[in-house]
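Counting the sequence shown from 1 gives a position; our numbering is that position plus 342.
Following: one structure in structure tokens, then a few remarks.
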Amino acid sequence: MDANRENPQTLRPTALTAADVARLLGVAEDVVRKHLAEGAPRAADGTMNLVHYAAWLNQASLRYALASRDLSRRSPEGTEPDGD
């Protein structure tokens, strides 16, 4: 028998609310909602797939790290270093 039918309180990691995701990850719901506004994936019904969200977070972290690295390589005047 399907566990979700036996216990309607069972969470499905493929269809979670923002509040459920926040509770599972131990972050404020506002953080998850901010990520949704920034393009984190969600289904047409508004639910979130935890694996898809984790992948999005990983990509966002990589983009942030690359952007930070690029900024740190710029000279104080905001120009690219000349490679010397």
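From the three backbone atoms N, C-alpha and C, an ideal C-beta is built for every residue, glycine too.
Inclusion of Leu358 and Thr389 in the CB contact set at 9 angstroms is warranted, their separation being smaller than that value. Pairing Tyr395 with Ala386 gives a Cβ-Cβ distance that is not under 9 angstroms. The beta carbons of Val373 and Ala364 sit about 7 angstroms from each other, so the pair counts as a contact at 8 angstroms. Under DSSP, Leu413 takes part in no beta bridge, so it has no partner. Shown here, Leu358 sits in a strand according to DSSP, grouped into three states. Rounded to whole angstroms, the gap between the alpha carbons of Leu404 and Gly368 is 21 angstroms.
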